[in-house]
Amino acid sequence: RTSKPRYRIEAAEALIANVPELRNKVELMAFSKQRQGKVVVELEDATIATPEGTNLVQDLTWRLAPGERIGLVGVNGSGKTTLLKALAGAYELRIEGRTVRLGWLKQELDDLDPTLRLLDAVEEVASYIQLGKKE
115 RTSKPRYRIE AAEALIANVP ELRNKVELMA FSKQRQGKVV VELEDATIAT PEGTNLVQDL
175 TWRLAPGERI GLVGVNGSGK TTLLKALAGA YELRIEGRTV RLGWLKQELD DLDPTLRLLD
235 AVEEVASYIQ LGKKE
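Numbers in the working numbering are just positions in the sequence shown, counted from 1, shifted up by 114.
The following block contains the structure:
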C-alpha cells in the first residue's frame, strides 16, 4: 500500500494522462477559411427511399451549412447508413455544394478503435456541439 501523498500524486498523474491534446488553432483557422459554398446539403420536401423502395424520410426539408456536423443515432436497420450514403451520392439523390467534402463514420467498425466506447469515438471527432446559442 502506498502512502497518502504518493496515492494523490498517482491520482493526479492519472487525471493528467487523460487530458486531450490541444487543438491546433492555426490548422482550424485555415480549415474554416476554405471556400465551402453557402449550402452543404439542401433538401426541400424530399423523400429518400432505400434501393428496395422503403421510405427513409418523407417530405423532409433540411439545410446543412458549412462547418455544421450531424450524427445519426437509431436502432439497427432503421436506415441511418442508407440515408448518409444517399446524401453522399452513393444512390441517385445527391444535393450538395460545389466544394464540400462529406464524411461519415462507417457502420462497419474496421476504422474504430475496439477499445473505445461509442461516445469516446465520437468525442475524438467533436467533444462538444452547439444547439442554437447553447453549447
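Note that beta-carbon positions come from the ideal geometry of N, C-alpha and C, so glycine has one too.
(message) So the candidates are E156, T196 and L197; which of them puts its Cα closest to the Cα of P180?
(response) E156
In the DSSP output, what is V155 paired with across the bridge?
L178
Using alpha carbons as the reference points, say which of E127, S192, E238 and T229 lies closest to I162.
S192
With DSSP as the reference, label T168 as helix, strand or coil. coil
Fill in: Limits of the unbroken alpha helix (DSSP H) element including L198
K194 to A202
Q. When DSSP labels each residue in this structure, what does K162 get in the three-state scheme?
A. Checking the sequence shown, residue 162 turns out to be Ile, not Lys. It is a strand residue.
Next item on the list: Sort L198, P228 and A160 by Cα distance to R183 and report the nearest one.
Entry: L198
| query | If you drop the 5 nearest sequence neighbours on each side, which residues of the same chain put their C-beta closer than 6 Å to that of W176? | reply | L157
Next item on the list: State the DSSP-derived secondary structure class of D227, mapped to helix, strand or coil.
Entry: coil
Q. Is the Cβ-Cβ distance between A160 and L178 less than 8 Å?
A. no
Query raised in the report: What's the call for L201, buried or exposed, on a 16-neighbour Cβ count within 10 Å?
Result: buried
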